[in-house]
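**Student:** Following this message is one structure expressed as structure tokens.
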Amino acid sequence: MLVENRFEDLIFWQRARELSRLIMSATGELPLKRHYELSVQLERAAMAIMGDIAEGWACDQKQDYVNFLHSAISAACSLQSYLYLALDLRCVNQKQFGDLYNRASEIVHMVDAYAAQLQEGKRPSPRRHRPS
């Protein structure tokens, strides 16, 4: 059913992995480090994106896979919402906010397009790349 051999082959999983790394780096620095709960929420949302993509990939049923992809989209939107709070609290600057927000948006668009193709019964291209 699926084109990719491993979830690591999915470009949007690779992008989610990179976003998680960037979020973890940001939450380890001041002033975000002072806002523990916000840091934890940012980290959890970022990890959920890549985790949901991987978990969905392992599903036998196409609809289950699509549901996990939609969960990854929800996690990315949550991350974006928490980024607004981080910006409001001056834990991230406008440039950091924009970069992280745009990365999450890119993942949302890629995952959404992939899920739509799966639902239509097409064999989507995972745009394979080697994991970094």
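Quick note: the sequence shown uses the numbering used here, first residue 4, plus one each step. All C-beta atoms, glycine included, are put in the ideal place defined by N, C-alpha and C.
1. Using only the alpha-carbon positions, how far apart do K125 and M53 sit?
2. Can you tell me the Cα-Cα spacing of T30 and E46, whole angstroms?
3. Which of helix, strand or coil does DSSP assign to N105?
4. Does DSSP put L5 in a helix, a strand or coil?
5. If we count the other Cβ atoms within 10 Å of its Cβ and call it buried at 16 or more, is G101 buried or exposed?
6. Leaving aside the five residues before and after A107 along the sequence, list all residues of the same chain whose C-beta is less than 7 Å from its C-beta, in chain order.
7. A118 and L72: beta carbons closer than 7 Å?
8. Examine the Cβ distances between the segment 55-64 and the segment 90-104 and report whether three or more of them are shorter than 8 Å.
9. So what's R93 in DSSP terms, helix, strand or just coil?
10. For R18 and N70, what's the separation of their Cα atoms in angstroms?
11. If I measure Cβ to Cβ from L121 and keep anything under 7 Å in the same chain, skipping five residues before and after, which residues do I get?
**Tutor:** To lay it out plainly:
1. To locate residue 125, count along the sequence shown from 1; it is residue 122. To locate residue 53, count along the sequence shown from 1; it is residue 50. If you take the alpha carbons of K125 and M53, they lie about 23 Å apart.
2. Translated into positions along the sequence shown, residue 30 becomes position 27. Translated into positions along the sequence shown, residue 46 becomes position 43. Straight-line Cα distance between these residues: approximately 8 Å.
3. Numbered from 1 along the sequence shown, position 102 holds the residue referred to as residue 105. DSSP places N105 in helix when its eight states are reduced to three.
4. For the purposes of this step, residue 5 is taken as residue 2 along the sequence shown, with counting starting at 1. Legend: pLDDT at L5 = 46, less than 50; position of this residue unreliable, no value from coordinates given.
5. Residue mapping note: residue 101 aligns to position 98 of the sequence shown, counting from 1. Classification of G101: exposed, given that the 10 Å Cβ count is below 16.
6. One-based indexing of the sequence shown puts residue 107 at position 104. L22, A79, L82 and Q83.
7. Counting from 1 along the sequence shown, the entry for residue 118 is found at position 115. Counting from 1 along the sequence shown, the entry for residue 72 is found at position 69. Yes, the Cβ-Cβ distance between A118 and L72 is below 7 Å.
8. no
9. The count along the sequence shown starts at 1 and reaches residue 93 at position 90. Reduced to three states, the DSSP call for R93 is coil.
10. As a first step, residue 18 is located in the sequence shown; it is residue number 15 there, counting from the start. As a first step, residue 70 is located in the sequence shown; it is residue number 67 there, counting from the start. Distance between the alpha carbons of R18 and N70: 19 Å.
11. Here residue 121 corresponds to residue number 118 of the sequence shown, with the count starting at 1. Hits under 7 Å: K65, Y68, V69 and P127.
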